[in-house]
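Mapping of the sequence shown onto the working numbering: residues 8 to 181, in sequence order.
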Amino acid sequence: MIEIAPLAIAATDLAVGAEPLAGRNVRLSLAPSAARYSLRARDAALLSAVIGRALPARIGEMVEGIACLGPDEWLALLPAGGVLALGEEQAVSVVDISDRALGFVLEGRGAAAAIASGCPLDLERFAVGRATRTLFETVEIVLFREDETRFRVEVWRSFAPWLWHALAAVIAEG
């Protein structure tokens, strides 16, 4: 685990790095810009019809950029500029949250170890194509496993500088 106290004290002075950081076996970079939508509905079939896309049926599954985070909750990550129908006057919630979060990419043989340094998930069992809401130290993140050695981390913009520096500290420790 990283030492959280020094980073917490200086958090107001932190900024997200513009350039990727690389260690021996892991690279940290900003993810490409994305459109993000919070999707909520009791009736998944209705939500699917409203947005014109299939929804994953099980928590943790991903289908075409949409992750199921809970029994009635999904997160859509689309290429920048991607648009979903908002479903006005329907019993669904489709909210553009693109500006709420930033995405980081960790890749390389050491990516899982870097994330595991502050995350309680068993990443050995976290399969490619899965997504979940979890924590890194005390910060809520949404974690996507894109392939064996590549993860995407979505974090609220206000926590992004701290998380960037926490991950940079892990990478520096090697």
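Don't be surprised by glycine CBs; every beta carbon is placed ideally from N, CA and C. Every value quoted in this text rests on a predicted model; they were computed, and no experiment measured them.
Can you pull the DSSP bridge partners for TRP163? As a working mapping, residue 163 is identified with position 156 in the sequence shown. Answer by DSSP bridge pairing, in chain order: ALA108.
Spatial neighbours of SER100 within its chain, please: C-beta separation below 6 Å, excluding the five flanking residues on both sides. As a working mapping, residue 100 is identified with position 93 in the sequence shown. Once the five neighbours on either side are set aside, the close Cβ partners of SER100 are ARG47.
Segment contact, 8 Å Cβ cut-off, at least three pairs: the stretch 119-135 with the stretch 53-64: With a cut-off of 8 Å, the stretch 53-64 and the stretch 119-135 do not count as touching, because too few Cβ pairs lie within range.
Does the distance from the C-beta atom of VAL146 to that of PHE166 stay below 8 Å? In the sequence shown, residue 146 corresponds to position 139, counting from 1. In the sequence shown, residue 166 corresponds to position 159, counting from 1. Contact: yes.
According to the neighbour-count rule (16 or more other Cβ atoms, all chains shown, within 10 Å of its Cβ), is GLY59 buried or exposed? By 1-based counting over the sequence shown, the position of residue 59 is 52. Under the 10 Å beta carbon count, GLY59 is surrounded by fewer than 16 other beta carbons and is classified as exposed.
For THR114, the three-state DSSP class (helix, strand or coil): As a first step, residue 114 must be located in the sequence shown, where it is residue number 107. A small correction: the amino acid at residue 114 is Glu; Thr does not occupy that position in the sequence shown. Three-state result, GLU114: strand.
Status (buried if at least 16 other CB within 10 Å, exposed otherwise) for LEU189: This structure leaves residue 189 out entirely; the chain is present only between 8 and 181.
Residue range of the alpha helix (DSSP H) that ALA51 falls in? For the purposes of this step, residue 51 is taken as the residue at position 44 of the sequence shown. Its alpha helix (DSSP H) spans residues 51-58.
Nonlocal neighbours in the same chain, by C-beta distance under 8 Å from ARG107, ignoring five residues either side: Sequence index remark: in the sequence shown, residue 107 carries index 100 (1-based). Annotation for ARG107: ARG43, TRP163, ARG164 place their beta carbon closer than 8 Å to its own, counting only its chain and skipping 5 residues before and after.
For GLY110, is the classification buried or exposed, using 16 other Cβ atoms within 10 angstroms of its Cβ as the cut-off for buried? The count along the sequence shown starts at 1 and reaches residue 110 at position 103. So GLY110 ends up on the buried side.
Which same chain residues end up closer than 6 Å to PHE151 when comparing Cβ atoms and leaving out the 5 residues on each side of it in sequence? To locate residue 151, count along the sequence shown from 1; it is residue 144. Within its own chain, the residues whose Cβ lies closer than 6 Å to the Cβ of PHE151, once the five positions on either side in sequence are excluded, are ALA138, ARG159, listed in chain order.
Assuming ILE178 contacts VAL33 under a Cβ cut-off of 8 Å, what Cβ separation, rounded to an integer in Å, is found between them? To locate residue 178, count along the sequence shown from 1; it is residue 171. To locate residue 33, count along the sequence shown from 1; it is residue 26. Confirmed, about 6 Å.
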